[in-house]
Amino acid sequence: MVEMVTKPYAAAFEKHALANPDVLCLSADLTSSCEIDKFRDRHPEQFLSMGMAEQNMMSFAGGLGLAGFRPFIHTFGVFMYRRPYDQLMASIAYPRRKVRLMAFLPGITTPGGMTHQSIEDISVMRSIPNMTILETGDATEVESICEAADYIDGPVYCRVLRGSIPRLFDTPIEVGKMRELASGDDVLVVTAGICTEEAMRARSVLEKAGVGVRHLHLHTIKPFDSAALLDHIGSVKHGVVTLENHVTEGGIGSLVAETMADAGIGKRLVRLGLKDTYAHGGSRAYLMRYYGLDAIALVRGIEDLMKADFNISEEDLETARVEAVHSLAKAEGL
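Laid out in structure tokens, this is it:
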């Protein structure tokens, strides 16, 4: 039975901020939706409400960084880069300010449609010099994201999960590392974020079908350990399948493709994710099924890679968790 942890970010951020008085909490009018409302109430001296003015918030945070503070910006991922891109570049990335961009609702973790779904954020952030990118995949990683991000000498973009989150791992994030969750020798599966749980749902039935799955979970997307990935690719017979909560262009699939191309690796690569499309509204489970981001999509991707039919159906997979689309924890927005 998977342990579920409620709002791990709220407790983790409060603990980290209280231990580091130069950490400031900035909110873009999505305070309870980013689980920092209790921190606001208990520690107003470390809290700044910037309103729905993300461009100003980026410039302000850059100034705080120049003054020696370490601001943690809290808002939905889409509002971190679509609206304030110029200010993000000029005030934070270019001068390498120690600003921590805590981006909630990554990808299709919201039913709010394209206005709220940050489906291309990794591709944007990967192209920005000086930017580190971290992504949480379970409660343990959410609990350790603040400390991990604050270790970086420069700006950090973090894809943060909220609400009720499963605990899949026992150890915290180690920046620059990747987790090896299975060590089969047929196919390498590379996942991050919510897609890792989907891959875990599929692994046992694939192994029963005789497929040796080597599974890597990425919490550090930039900087990326290319040498470690190449070692894993060299350990499998058939190639690589990537599964990501993001468009296939510029995300993890592209990262793996670039690494393979640079090293002259000729094995096959199947990239699963959003295919040149925006997502519409709906529950997370529905959207993952509709856009091919779930466990059965991974099975089909491996079948494509290996040119095989394992006769695996959705009923054969481990049961998926079903989350409520709406809850009191999401009162301010989707």
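The numbering of the sequence shown is my numbering, which starts it at 8 and goes up by one. Cβ coordinates follow ideal geometry from the N, Cα and C atoms, glycine included. Every value quoted in this text rests on a predicted model; they were computed, and no experiment measured them.
| query | Any idea what DSSP makes of His-245, helix, strand or coil? | reply | Translated into the one-based positions of the sequence shown, residue 245 becomes position 238. Look at His-245 here: in three-state DSSP terms it is coil, with no helix or strand label.
| Between the CA atoms of Gly-170 and Ala-338 - distance to the nearest angstrom | In the sequence shown, the residue the question calls residue 338 occupies position 331. In the sequence shown, the residue the question calls residue 170 occupies position 163. Bear in mind that a pLDDT of 47 at Ala-338, under 50, signals an unreliable position, so the number given afterwards is only what the model happens to contain. Going by the C-alpha atoms only, they are around 12 Å apart.
| Which residues bound the beta strand (DSSP E) around Pro-173? | Against the sequence shown, residue 173 aligns to sequence position 166. That run of the beta strand (DSSP E) goes 171-173.
| field | N- and C-terminal bounds of the alpha helix (DSSP H) containing Pro-15 | value | The residue given as residue 15 occupies position 8 in the sequence shown. From DSSP, the alpha helix (DSSP H) with Pro-15 extends over 15-26.
| field | Straight-line gap, Thr-2 to Asp-283 (C-alpha atoms, nearest Å) | value | In the structure as shown, the chain begins at 8 and stops at 341. Residue 2 is therefore absent and cannot be evaluated.
| task | Measure the Cβ-Cβ separation of Cys-202 and Glu-148 and say whether it is below 7 Å. | result | Residue numbering aside, residue 202 sits at position 195 when the sequence shown is read from its first letter. Residue numbering aside, residue 148 sits at position 141 when the sequence shown is read from its first letter. No, they are not a contact pair.
| task | Note down, in chain order, each residue of its chain lying with its Cβ closer than 7 Å to the Cβ of Asp-209, except the 5 sequence neighbours on either side. | result | On the sequence shown, residue 209 is found 202 positions in, with the first residue counted as 1. Asp is not the amino acid found at residue 209; the sequence shown has Ala there. So the qualifying residues of the chain are Ala-302, Leu-305, Val-306 and Leu-324.
| Straight-line Cα distance separating Gln-94 from Ser-66 | Residue numbering aside, residue 66 sits at position 59 when the sequence shown is read from its first letter. Residue numbering aside, residue 94 sits at position 87 when the sequence shown is read from its first letter. Ser-66 and Gln-94 have their C-alpha atoms some 6 Å from each other.
| said: I'd like to confirm the pairing. Which residues does DSSP put opposite Phe-79 in its beta bridges? | reply: On the sequence shown, residue 79 is found 72 positions in, with the first residue counted as 1. Phe-79 is bridged to Cys-32 and Arg-107.
| Can you tell me the Cα-Cα spacing of Ser-40 and Tyr-285, whole angstroms? | To locate residue 40, count along the sequence shown from 1; it is residue 33. To locate residue 285, count along the sequence shown from 1; it is residue 278. Taking the straight line from one Cα to the other gives about 23 Å.
| field | Assigned exposure category for Leu-195 - 16 Cβ within 10 Å defines buried | value | Here the question's residue 195 lines up with position 188 in the sequence shown. That one is buried.
| request: Please report how far the alpha carbon of Asp-193 lies from the alpha carbon of Gly-219, in whole angstroms. | output: Sequence index remark: in the sequence shown, residue 193 carries index 186 (1-based). Sequence index remark: in the sequence shown, residue 219 carries index 212 (1-based). The alpha-carbon atoms of Asp-193 and Gly-219 are separated by roughly 5 Å.
| CB contact flag (Ile-80, Ile-140, <7 Å) | One-based indexing of the sequence shown puts residue 80 at position 73. One-based indexing of the sequence shown puts residue 140 at position 133. No, Cβ-Cβ distance for Ile-80 and Ile-140 is not below 7 Å.
| said: Please tell me whether Met-138 and Ala-100 are closer than 7 Å, where the distance is taken between their beta carbons. | reply: If you number the sequence shown from 1, residue 138 lands on position 131. If you number the sequence shown from 1, residue 100 lands on position 93. Yes; because the gap between Cβ atoms is below 7 Å, this pair is in contact.
| request: Per DSSP, which residues does Lys-215 bridge with? Please list them. | output: By 1-based counting over the sequence shown, the position of residue 215 is 208. Answer is none; Lys-215 lacks a bridge partner.
| task | Compare the beta carbon distance of Pro-179 and Val-9 with 7 Å and say whether it is the shorter of the two. | result | On the sequence shown, position 172 is the one that residue 179 refers to. On the sequence shown, position 2 is the one that residue 9 refers to. Contact: no.
| message | Quick check on Asn-252: does DSSP put it in helix, strand or coil? | response | Position 245 of the sequence shown, counted from the start, is the residue given in the question as residue 252. If DSSP states are grouped into helix, strand and coil, Asn-252 belongs with the strands.
| task | Compare the beta carbon distance of Arg-291 and Thr-13 with 7 Å and say whether it is the shorter of the two. | result | In the sequence shown, residue 291 corresponds to position 284, counting from 1. In the sequence shown, residue 13 corresponds to position 6, counting from 1. No; because the gap between Cβ atoms is not below 7 Å, this pair is not in contact.
| Do three or more CB pairs link the segment 17-27 to the segment 46-60 at distances below 8 Å? | yes
| said: Quick check on the DSSP output: what are the complete alpha helix (DSSP H) runs of length 4 or more inside the segment 134-200, in order along the chain? | reply: 146-157
| Going straight from the alpha carbon of His-50 to that of Ser-233, what length do you get? | Here residue 50 refers to the residue found at position 43 of the sequence shown. Here residue 233 refers to the residue found at position 226 of the sequence shown. Spanning the two alpha carbons is a distance of roughly 41 Å.
| request: Give me the Cβ distance between Gly-83 and Phe-111, rounded to the nearest whole Å; I'm assuming they're in contact under 8 Å. | output: Within the sequence shown, the letter at position 76 stands for residue 83. Within the sequence shown, the letter at position 104 stands for residue 111. Per the sequence presented here, residue 83 reads as Phe, with Gly not at that position. Correct: roughly 5 Å between the Cβ atoms.
| Mapping DSSP to helix, strand and coil, what is Pro-102? | Sequence index remark: in the sequence shown, residue 102 carries index 95 (1-based). Coil.
| field | Exposed unless 16 or more other CB atoms sit within 10 angstroms - verdict on Ala-35 | value | Here residue 35 refers to the residue found at position 28 when the sequence shown is read from its first residue. The residue is buried, with at least 16 neighbouring Cβ atoms inside 10 Å.
| Contact under 7 Å by Cβ, Glu-204 with Ala-19 | As a working note, residue 204 is residue 197 in the sequence shown. As a working note, residue 19 is residue 12 in the sequence shown. No, they are not a contact pair.
| field | Per-residue DSSP class, three states only, for Lys-282 | value | The sequence position of residue 282 within the sequence shown is 275, counting from 1. In the structure shown, Lys-282 sits in coil (DSSP, three-state: anything other than H, G, I, E or B).
| Alpha-carbon to alpha-carbon, Arg-166 and Ala-206 | Taking the first residue of the sequence shown as 1, we reach residue 206 at position 199. Taking the first residue of the sequence shown as 1, we reach residue 166 at position 159. Each residue's Cα considered, the two are about 19 Å apart.
| task | Compute the Euclidean distance between the alpha carbons of Glu-61 and Arg-90, then round it to the nearest angstrom. | result | Along the sequence shown, read from residue 1 onward, the residue named residue 61 stands at position 54. Along the sequence shown, read from residue 1 onward, the residue named residue 90 stands at position 83. So the two alpha carbons sit approximately 7 Å from each other.
| said: Cutting at 8 Å between CB atoms, please list the residues of its own chain near Leu-223, excluding the five before and the five after it. | reply: Counted from its first residue, the sequence shown places residue 223 at position 216. Cβ neighbours of Leu-223 beyond the five flanking positions: Met-185, Arg-186, Glu-187, Leu-188, Leu-195, Val-196, Val-197, Thr-198, Leu-236 and His-239.
| query | Beta-carbon separation of Ser-98 and Gly-75 under 7 Å? | reply | In the sequence shown, the residue the question calls residue 98 occupies position 91. In the sequence shown, the residue the question calls residue 75 occupies position 68. No. Outside cutoff.
| task | For the beta strand (DSSP E) containing Ile-43, list its first residue and its last residue. | result | Here residue 43 corresponds to residue number 36 of the sequence shown, with the count starting at 1. Looking at the DSSP string, Ile-43 is not in any beta strand (DSSP E), and its letter there is neither H nor E.
| Val-277, DSSP secondary structure in three states | Working through the sequence shown from its first residue, we reach residue 277 at position 270. Looking at Val-277 - three-state DSSP - the assignment turns out to be strand.
| Quick one: what does DSSP say His-239 is sitting in, helix, strand or coil? | Working through the sequence shown from its first residue, we reach residue 239 at position 232. In the structure shown, His-239 sits in a helix (DSSP, three-state: H, G or I).
| query | Should Pro-102 and Leu-31 be called a contact, given that it needs their Cβ atoms to be closer than 7 Å? | reply | Within the sequence shown, the letter at position 95 stands for residue 102. Within the sequence shown, the letter at position 24 stands for residue 31. Against a cut-off of 7 Å, the Cβ pair of Leu-31 and Pro-102 comes out as no contact.
| Residues that Phe-229 bridges to, as DSSP identifies them | For the purposes of this step, residue 229 is taken as residue 222 along the sequence shown, with counting starting at 1. At residue 229 the sequence reads Lys, which differs from the Phe that was named. Among the bridge pairs identified by DSSP, Lys-229 is matched with Ile-140.
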